[in-house]
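Colleague: Attaching a single structure in structure tokens format; questions to follow.
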Ligand code: NDP
Ligand code: GDR
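In my numbering, the protein residues as written are 27 to 389.
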């Protein structure tokens, strides 16, 4: 549920500085948003976690081009550590903050519920309070990565800003806290703070354990004879899948308005996991036919080989069956329109994974 836009105050921001601070810069959305903001002339600062393995792979190309000297700076930090957030904000003095960091995997949130709450709920509070502690609540525009997982159990379709929330996972519940703390800080402290309620968005940079990337990667490897088949969970769940590149532009647009507000970003079209599988195999000229039911279900190619099997290990204790968005408000008020179609998205992901699988093969 979205409250009435309560902000009647006017906002005056410095326009001569364009300094963005991103949490979650190493993730899918963070990398696309960094490219987008650098191209717009922003100085971009990102918070990264210390890791024993390399975690800046999605940003590497930004450093790799010798002709550009990107104004991109990385700082070690974590959403569970308030003091580092205060320290980074006081040094960077951002004009825009994008809170993209999260334990973002829904299935994992059932295994790590407390940690997910700490990062995805309290992390947002820590970041908002760090902005206030630094005396910057009237100098920063704040974006919160809210999610269609807030809708969870189907109450109404399509889902829009006024649809009641009913989250179905520790992830969704944690994000519900963040949604409301953003609304509360906007109303209580007059902060320019927005929730982008984004439906699923994917790309070749999507994490490998999310279903679309798992499928595109498996189809690539199957087509090259590297693996025989892919194991998946619920084939019947339906999602409103768009391209991440389109969605990050919507995030930025939300912070360029006269007043802060909450917006749904969605393609307004949904497909089942099964349809995604069929479309992905279509890219490599394989037709899948289905037989069996539930965990006995299999998908065969035209030569009779089993290419898809169901493994209940991937089922969730509570599932979100259907997400279908209505992004009319964003289209009207922000002029935002997603450009990439579902077939184009699937094709781009599969072709990119074929390239990567071939490169791995040659090494
Ligand atoms: P990713 O999982 O690709 O990226 C998550 C980012 O958060 C990574 O940079 C990760 O760092 C960082 N992170 C995780 N935990 C912490 C922590 N404790 N402190 C600091 N950073 C942390 O997610 P996406 O890019 O796909 O999504 C971006 C945001 O949008 C997330 O908040 C997600 O929940 C939300 N969202 C995503 C949607 C989607 O379809 N993609 C839809 C709606 C909302 P590291 O690289 O070190 O792991
Ligand atoms: P989701 O994305 O839960 O919607 O969250 P995910 O791709 O994980 O699941 C989508 C649907 O596919 C079903 N599914 C499987 N999922 C995974 N991961 N692996 C499988 O093998 C599999 N088989 C079937 C799932 O059950 C589910 O119904 C994503 C994340 O990016 C969140 O951070 C974000 O908030 C939401 O999208 C919007």
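Beta carbons: idealized from backbone N, C-alpha and C, even for Gly.
Treat the numbers as computed from the prediction; the structure is a model and nothing was measured.
(1) So what does DSSP say about residue 168, is it helix, strand or coil?
(2) Tell me whether residue 61 counts as near the ligand NDP, meaning its Cβ is closer than 8 Å to at least one heavy atom of that ligand.
(3) Please list the terminal residues of the continuous beta strand (DSSP E) segment that includes residue 100.
(4) So residue 125 is in the beta strand (DSSP E); what residue range does that whole segment cover?
(5) Quick one: what does DSSP say residue 27 is sitting in, helix, strand or coil?
(6) Any idea what DSSP makes of residue 199, helix, strand or coil?
(7) Across which residues does DSSP place residue 383 in a beta bridge pair?
(8) Consult DSSP for residue 208 and reduce its assignment to one of helix, strand or coil.
(9) Looking at residue 356 and residue 276, is the spacing between their C-beta atoms short of 9 Å?
(10) Look at the alpha carbon of residue 192 and the alpha carbon of residue 270, and state the distance between them as a whole number of angstroms.
(11) Take every Cβ of the stretch 307 to 316, pair it with every Cβ of the stretch 326 to 333, and state whether three or more of those distances are shorter than 8 Å.
(12) Suppose you measure from the CA of residue 226 to the CA of residue 296; what does that come to, to the nearest Å?
(13) In whole angstroms, what separates the C-alpha of residue 55 from that of residue 48?
(14) Nearest to residue 170 by CA position, among 249, 50, 254, is which residue?
(15) Does the separation of the CB atoms of residue 352 and residue 186 fall below 9 Å?
Modeller: From the atom records:
(1) strand
(2) no
(3) 98 to 102
(4) 122 to 125
(5) Confidence is the limiting factor: at residue 27 the pLDDT is only 34, short of 50, which leaves the residue's position unreliable, though a coordinate-based value still follows. Residue state, collapsed to three classes: coil.
(6) helix
(7) Bridge partners of residue 383: none, in fact.
(8) helix
(9) yes
(10) 25 Å
(11) yes
(12) 10 Å
(13) 10 Å
(14) 50
(15) yes
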